[in-house]
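A.B. asks: Right, I'll just put the structure down here and ask away after.
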Amino acid sequence: MLLRKTALVLALATAALLASSATATAAPADPAPATAAPTTPLAAAAANPVIVVGGLSGVAVAYEPIAARLRADGYRTFIYQLPGLGLGDIPTSARAFAGYVNQVRASTGAAAVDVVAHSEGGLVSRYYLKRLGGTTTVDRYVSLGTPQYGTYVANIVAFLGLGSCAGVVACQQMTIGSAFLADLNAGDDTPGAVRYTTIRTLQDELVRPTGNAAVNDGATNVLIQAYCPLRVVGHLGLVLDGTAYTIVRGALVDGPVRPNCLAL
């Protein structure tokens with residue numbers, strides 16, 4: 095069993111590292127803003143600091159591509175790497191994230207932040223909003239390929255010969271029908287005055303069915319291929335793809351859904 099757990103962790107970490115050729119480094123203990131205050135007209139319209147929340151096995155450096163786009167648009171940008179690379183209990187990760195949000199607010203003087211979360215990071219952030227009072231400190235929530243209603247993760251892991259999630263708690267919690275998801279999805283999916291946007295892609299290898307990356311109760315749920323049918327974007331590609339970023343950028347200024355299908 096130990097060998098199987100080790101194999102799963104290595105497989106997930108390798109997948110995350112494919113998103114970046116840089117050497118992986120841990121996220122800083124204290125938030126360090128990437129840039130000074132927003133200077134572009136776009137960023138000036140939504141001056142909240144933006145926290146990019148990583149996913150399962152997502153090292154901080156893997157999220158530099160989307161963070162760099164946000165910096166270029168003038169946003170004060172922070173990357174939050176999940177504790178233990180997100181392998182542990184999601185509510186526990188959410189409580190740690192709550193502390194990080196408070197650090198960012200204290201260091202920037204901002205009353206609220208915006209969240210752009212990938213994969214499991216979207217569940218961590220959403221648990222913070224729904225169960226830990228985060229709706230008072232977050233204005234905008236954008237998820238990228240988050241298994242909001244679960245995924246056939248266990249089936250994928252079984253296909254790799256690693257058993258049912260190989261004992262990884264977060265993997266078990268993201269499985270369709272888990273007790274964690276039953277609790278998270280009970281009642282209103284979109285509590286508070288937060289503006290919720292979800293972004294998903296038909297080519298997502300890890301969120302199956304892909305419709306489970308959407309939420310109910312008034313969220314803006316965007317399927318990339320509904321606007322750009324020829325655009326091919328995978329699960330990790332959601333933090334690299336130019337078209338996906340144009341949707342994120344629009345969501346951060348409460349704009350209409352107008353993806354640029356040719357964006358690099």
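Numbering of the sequence shown is given in my numbering, commencing with residue 95 and proceeding in unit increments.
All residues carry an ideal CB built from backbone N, CA and C; glycine is no exception.
Here the structure is a predicted model, which means the values were calculated and not measured.
1) Out of Ile173, Val144, Leu356 and Ser151, point me to the one whose CA is closest to Glu158's CA.
2) Going by DSSP in three states, Ala211 sits in which element: helix, strand or coil?
3) Rounding to the nearest angstrom, what Cα-Cα distance links Asp348 and Ala320 in this structure?
4) Just to confirm, is the Cβ distance from Asp311 to Asp277 under 8 Å?
5) Do you know how far the Cα of Arg165 is from the Cα of Thr337?
6) Among Gly286, Ser272 and Arg225, which one has its Cα closest to the Cα of Asp233?
7) Hey, which unbroken runs of the beta strand (DSSP E) at 3 residues or more fall wholly within the region 135-203?
8) Which first and last residues belong to the beta strand (DSSP E) in which Arg325 is found?
9) Using 10 angstroms around the beta-carbon of Val288, count the other beta-carbons present and answer buried if the total reaches 16, otherwise exposed.
10) Where does Arg220 fall in DSSP's three states?
11) Count the other CB atoms, across all protein chains shown, that sit within 10 Å of the CB of Gly149; report buried if there are 16 or more and exposed otherwise.
12) Would you call the region 200-220 and the region 170-188 in contact, with 3 or more CB pairs under 8 Å?
13) Going by DSSP, what residues sit across from Leu317 in a beta bridge?
14) State the beta-bridge partners of Val347 as determined by DSSP.
15) Examine the Cβ distances between the region 326-334 and the region 260-267 and report whether three or more of them are shorter than 8 Å.
16) Between the C-alpha atoms of Asp335 and Pro350, what's the straight-line distance to the nearest angstrom?
17) Could you compute how far the alpha carbon of Ala280 sits from the alpha carbon of Asp208?
C.D. replies: Looking at the coordinates:
1) Each of Ile173, Val144, Leu356 and Ser151 was checked against the Cα of Glu158, and the nearest Cα belongs to Ile173.
2) Of the three classes helix, strand and coil, the one that applies to Ala211 here is strand, per DSSP.
3) Cα-Cα distance, rounded: 20 Å.
4) No, the pair does not count as a contact, with Cβ atoms beyond the cut-off.
5) So the alpha carbons of these two residues sit roughly 17 Å apart.
6) Residue Gly286 holds the alpha-carbon nearest to the alpha-carbon of Asp233 among Gly286, Ser272 and Arg225.
7) List check, beta strand (DSSP E) in window: 144-147 and 171-174.
8) Segment: none, Arg325 is in no beta strand (DSSP E) and carries neither H nor E.
9) So Val288 counts as buried.
10) Reduced to three states, the DSSP call for Arg220 is helix.
11) Looking at its Cβ environment, which holds 16 or more other Cβ atoms inside 10 Å, Gly149 is buried.
12) Three or more beta-carbon pairs drawn from the region 200-220 and the region 170-188 are found closer than 8 Å, and the two stretches are therefore classed as touching.
13) The partner list for Leu317 (beta bridge, DSSP) reads Arg294.
14) Looking at the DSSP assignment, Val347 forms no beta bridge with any residue, so it has no partner.
15) Output reads no: the region 260-267 does not touch the region 326-334.
16) If you take the alpha carbons of Asp335 and Pro350, they lie about 19 Å apart.
17) Rounded to whole angstroms, Ala280 to Asp208 spans 24 Å at the Cα level.
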